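Here the structure comes first, spelled out in structure tokens, and everything after it is commentary.
Number of protein chains: 4
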Amino acid sequence: MPFTKTQKDVDDWVQQFKISYWKSHAILARLTEETGELAREINHRFGPKQKKSTEDVKDIEDEIGDIIFTLCCLANSLNINLDTGFSRVMDKCYGRDNNRYEKNETVN
Amino acid sequence: MPFTKTQKDVDDWVQQFKISYWKSHAILARLTEETGELAREINHRFGPKQKKSTEDVKDIEDEIGDIIFTLCCLANSLNINLDTGFSRVMDKCYGRDNNRYEKNETVN
Amino acid sequence: MPFTKTQKDVDDWVQQFKISYWKSHAILARLTEETGELAREINHRFGPKQKKSTEDVKDIEDEIGDIIFTLCCLANSLNINLDTGFSRVMDKCYGRDNNRYEKNETVN
Amino acid sequence: MPFTKTQKDVDDWVQQFKISYWKSHAILARLTEETGELAREINHRFGPKQKKSTEDVKDIEDEIGDIIFTLCCLANSLNINLDTGFSRVMDKCYGRDNNRYEKNETVN
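Chains as they are written, first to last, in numbering that gives the first Met the number 0: chain A, 0 to 107; chain B, 0 to 107; chain C, 0 to 107; chain D, 0 to 107.
This is the structure:
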């Protein structure tokens, strides 16, 4: 259960504080902010004004980390289990979306 | 390493297809779309026109799952390891951000 | 004052209703949703799975219209004048950002 | 035609430069970034950690201005007329959405 530990790590940190989780709309606003920071990094590496090498993706790694942290806060605050959510996505991939694109040929 | 398996699950599905991963800007646009779908669900449950019960968070669970799938695609396409990214976020939490809010009193 | 009329058009419609403007966070969530719909259209026209001709931009036009409507709601709810905001952006363009890119040569 | 002048103002500034408009995906990434900056301001004023007075909305005004500038870039790059887009939104308001909420009583 990969996300159980991740959600627990976030919860351990948050439970130190009196404030607990923010309301859903405030967490969503934070997610929008973090997604915007990822977008800036994408433009800096792959956009019209490349300020950074396309090899250097450390800041993108950090921004994705921030987004996952924010998603864990939202999930924890609503008692959502991300392992359930993610396994339903994979089921959808192998179900409805399994012939979405042209497949590689396989040998057998 | 919780995300190693998650990223592998996504990669196994993608590697079936000839198309492989999209370019970073297209994956980012997809992330923006998925974040928008989460926002719609948040407004439906906690917004001014509640169409759904605040108890029913299954669709929010699904939307977060879709966002994580999209983040895994971005990470895989750029050879980013999400365990590294996430552990750096937790280090920042226990470092720079550890006195960000008022703490609960602890007994000892 | 181009935006005065635009903001007034939105306000005339909203003032018909008892509910008036939503809170800022709910309007922001709506903006996130509308931005996501624009992102989907951009991917449909210019992304890896083009479903629509790059010539056909009518749906993009509509999505931008929806975003502007949402921004007018936010501005009206907070007594913000968009003409002031936009003219400050243009001042910044001709000030701080006026040598941001290489200029075209001009004859004189 | 309120937006004709706005789009022309943006175009006059852009036409100074050799680079002209970015591609749609890069402009969209910029829009995502600007929307994120607006989200941060909303949380600073109306969120759980209010750093700024709810009276002081000047930074929100600026962020909305930046979003409109970015939308004008996207529209100009695709030959989209925002007056057409916005008037179609208002038509939808007075058509499909005109009984969306409970109306104020009117005297006559």
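Ideal placement from N, C-alpha and C gives every residue a C-beta, glycine not left out. Since the structure is predicted, the reported quantities are computational estimates derived from the model, not experimental observations.
Practice item. Compare the C-beta of Ala-74/A against all C-beta atoms of chain C and say whether one is closer than 8 Å. Key: As a working mapping, residue 74/A is identified with position 75 in the first sequence. Ala-74/A does not count as touching chain C.
Point to revise | Contacts that Thr-31/D makes with chain B (C-beta to C-beta distance below 8 Å) | key: Mapped onto the fourth sequence, residue 31/D falls at position 32. Going along chain B in sequence order, the residues near Thr-31/D (Cβ under 8 Å) are Leu-27, Thr-31.
Review point. Can you check whether the CB of Thr-69/D is closer than 8 Å to the CB of Arg-39/D?
Key: Sequence index remark: in the fourth sequence, residue 39/D carries index 40 (1-based). Sequence index remark: in the fourth sequence, residue 69/D carries index 70 (1-based). Taking 8 Å as the Cβ cut-off, Arg-39/D and Thr-69/D do not qualify as a contacting pair.
Exercise for review: Return no unless some Cβ of chain B is closer than 8 Å to the Cβ of His-43/D.
Suggested key: Here residue 43/D refers to the residue found at position 44 when the fourth sequence is read from its first residue. It does not; no Cβ of chain B falls within 8 Å.
Review point. In three-state DSSP terms, what is Lys-102/A?
Key: Within the first sequence, residue 102/A is the residue found at index 103, counting from 1. Three-state DSSP puts Lys-102/A in a strand.
Check your understanding: Of the residues that make up the segment 40-67 of chain A, which ones have a beta carbon closer than 7 Å to any beta carbon in chain D?
Key -> Only Ile-41, Asn-42, Gly-46, Pro-47 from the segment 40-67 of chain A bring a Cβ to less than 7 Å from some Cβ of chain D.
Review point. Got a sec: is the Cβ-Cβ distance from Tyr-100/C to anything in chain D below 8 Å?
Key: Within the third sequence, numbered from 1, the residue matching residue 100/C stands at position 101. Contacts with chain D at 8 Å (Cβ-Cβ) include Tyr-100/C.
Exercise for review: Could you tell me whether the segment 42-52 of chain D touches the segment 14-27 of chain A, where touching means 3 or more Cβ pairs closer than 8 Å?
Suggested key: Yes, they touch.
Exercise for review: Report the rounded CA-to-CA distance for Gly-64/A versus Thr-5/A, giving the unit in angstroms.
Suggested key: Stepping through the first sequence from its first residue, residue 64/A is reached at position 65. Stepping through the first sequence from its first residue, residue 5/A is reached at position 6. Distance between the alpha carbons of Gly-64/A and Thr-5/A: 11 Å.
Exercise for review: Count the other CB atoms, across all protein chains shown, that sit within 10 Å of the CB of Asn-103/C; report buried if there are 16 or more and exposed otherwise.
Suggested key: Translated into the one-based positions of the third sequence, residue 103/C becomes position 104. Asn-103/C is exposed by the Cβ-count criterion.
Check your understanding: What residue does the alpha helix (DSSP H) around Pro-1/A start on, and which one ends it?
Key -> Locating residue 1/A in the first sequence gives position 2, counting from the first residue. Start and end: 1-13.
Check your understanding: To which residues of the same chain is Pro-3/D closer than 7 Å at the C-beta, ignoring the five residues directly before and after it?
Key -> In the fourth sequence, residue 3/D corresponds to position 4, counting from 1. Per the sequence shown, the amino acid found at residue 3/D is Thr instead of Pro. For Thr-3/D, where only same-chain residues beyond five positions count, the Cβ hits under 7 Å are Asp-82.
**Study point:** Min CB distance Gly-94/D to chain A below 8 Å
**Key:** Along the fourth sequence, read from residue 1 onward, the residue named residue 94/D stands at position 95. Answer no: the Cβ-Cβ gap between Gly-94/D and chain A never drops below 8 Å.
Point to revise | Below-8 Å beta-carbon distance, Thr-34/C vs any chain G residue | key: No chain G is present in this structure, whose protein chains are A, B, C and D.
Review point. Alpha carbon to alpha carbon, what distance is there between Glu-36/B and Glu-60/B?
Key: For the purposes of this step, residue 60/B is taken as the residue at position 61 of the second sequence. For the purposes of this step, residue 36/B is taken as the residue at position 37 of the second sequence. Glu-60/B and Glu-36/B: Cα-Cα distance of roughly 11 Å.
Exercise for review: Could you work out which residue in Arg-99/A, Glu-101/A, Tyr-100/A, Asp-90/A is closest to Asp-8/B when comparing CA atoms only?
Suggested key: Here residue 8/B refers to the residue found at position 9 of the second sequence. Looking at Arg-99/A, Glu-101/A, Tyr-100/A, Asp-90/A, the one whose alpha-carbon comes closest to that of Asp-8/B is Asp-90/A.
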